[in-house]
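First comes the structure, then the notes that go with it.
Residue numbers (the numbering used here): 758 to 1139.
Okay, here's the thing in structure tokens:
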């Protein structure tokens, strides 16, 4: 496997020289081979979207691996400026026996535009097949040029994964420009499946986040239609509107050992979700009318346990957990147990549509209503 050193092809890391042509030259030389593209220290400017397409063609069984690496977050910076639509786009076509691997390590993706484009987009272009796409993303930062929400710069989306089957994302920073009541609406990571949306079947889309930061984002992680297997651990969601969003049909979601301090809701399950584990997390709900966890559709196999929910005070109408959903089986298959609730209007609100919940062994302090049960067939032992 050949390593292509970016500087050897005429690039300059001074933040002023447009490196787009250098990228295109290297990609043309790679063709369909596996390769490493390595950047040095400094800032590499791109004035347009850069692309790399792996194995191509509907019946291709070619396997390929692409590694893009720098010298570290904030040491190697890829900068987009001038109204470009997006940053880096890579794709493959899942064949019957192909395996395509994307490795992105030790680098920063930065924009000098506002709410424009996607920093990194990875896509399987076969709408009928999945299972051969892998992502390893480690020590990567994605942000506006100033690196925080104090300015207007920010990507519209930090990372978009479309039908990439197996994703490991470790020690990455996703930083947007979201601020309440403004038009700055950066999103963090969007995971979706074209197979699920077109065929209404479940794709094996497995995504693991470890040691990641999600800051100043409209949505930290959006787990879209047709996906299965989302795991988040030891991560931080701060100053986001929503930490984790599941718009519809979520399956096998596990969130643990993480911290949330979001303006509206830490975890918003607007679609039906099966097998949801939320354990050993710290959740702050400081916004008036805010929520810790909110679910508005069917639920099945929920376990919420061992968490600490910290509110802003009972006068702010803050609710830690709001469930307006029932188990399709009609059985008590959902558990809320062994959590701590402090400073809430209501600790647990089981709204009128809720069915099949077991609530027991929780601790409440400075909370006006510990459990408000408006539903039916719920077992309350607090």
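Backbone N, C-alpha and C define an ideal beta-carbon position, used for all residues, glycine too.
Of the candidates 1062, 1008, 930 and 871, the residue whose Cα lies closest to the Cα of residue 910 is 871.
For residue 979, no alpha helix (DSSP H) segment is defined; the enclosing uninterrupted segment is the beta strand (DSSP E) at 976-980.
As DSSP reads the structure, residue 1130 sits in a beta bridge with 1107. Secondary structure in the region 1027-1060: the beta strand (DSSP E) runs of 3 residues or longer, each lying completely within the stretch, are 1030-1036, 1039-1042 and 1048-1052 in chain order. Judged by DSSP secondary structure, residue 780 falls within the alpha helix (DSSP H) whose first and last residues are 777-787. At a Cβ-Cβ threshold of 8 Å, residue 1044 and residue 1015 do not count as neighbours. Around the beta-carbon of residue 855, 16 or more other beta-carbon atoms lie within 10 Å, marking it buried. For the pair residue 980 and residue 1012, the CB atoms are not nearer than the 8 Å cut-off.
For the pair residue 1127 and residue 1064, the Cα-to-Cα distance works out to about 15 Å. Where residue 1114 is concerned, the enclosing beta strand (DSSP E) starts and stops at 1114-1117.
The residue from 1105, 1109 and 1111 with its alpha-carbon nearest to that of residue 1118 is 1105. DSSP, read as helix, strand or coil, puts residue 951 in helix. Per DSSP, residue 808 is one residue of the beta strand (DSSP E) stretching across 807-810. DSSP places residue 1139 in the coil class of the three-state scheme, outside both helix and strand.
By a beta-carbon distance limit of 8 Å, residue 874 contacts residue 843. Their separation comes to about 4 Å. Under the 10 Å beta carbon count, residue 765 is surrounded by fewer than 16 other beta carbons and is classified as exposed. Within the DSSP bridge table, the entry for residue 859 names 823 and 892 as partners.
Residue environment for residue 786: exposed (fewer than 16 other C-beta atoms within 10 angstroms of its C-beta). By the C-beta density criterion, residue 939 is exposed, having fewer than 16 other C-beta atoms within 10 angstroms.
Straight-line measurement puts the Cα of residue 769 at about 52 Å from the Cα of residue 1060. Per DSSP, the continuous beta strand (DSSP E) segment holding residue 1080 begins and ends at 1076-1080. By the CB criterion at 8 Å, residue 867 and residue 902 fall inside the cutoff. The three-state reading of DSSP puts residue 796 in coil, since its state is none of H, G, I, E or B. Secondary structure of residue 973 (DSSP, three-state): coil.
Around the beta carbon of residue 998, 16 or more other beta carbons sit within 10 angstroms, so the residue counts as buried. Annotated three-state conformation of residue 872 is coil, per DSSP.
The C-beta of residue 1135 has 16 or more other C-beta atoms within 10 Å across all chains shown, which makes the residue buried. Secondary structure note for residue 993: its beta strand (DSSP E) is the uninterrupted segment 993-995. In the same chain as residue 1122, and ignoring 5 residues on each side of it, the C-beta atoms closer than 6 Å to its own belong to 1099, in chain order. Residue range 963-967 is occupied by the beta strand (DSSP E) that includes residue 966. If you compare the alpha carbons of 835, 1092 and 915 with that of residue 1056, the shortest gap goes to 1092. The three-state reading of DSSP puts residue 936 in coil, since its state is none of H, G, I, E or B. Looking at 1053, 967, 1120 and 1062, the one whose alpha-carbon comes closest to that of residue 1109 is 1053. Rounded to whole angstroms, the separation of the alpha carbons of residue 916 and residue 1031 is 25 Å.
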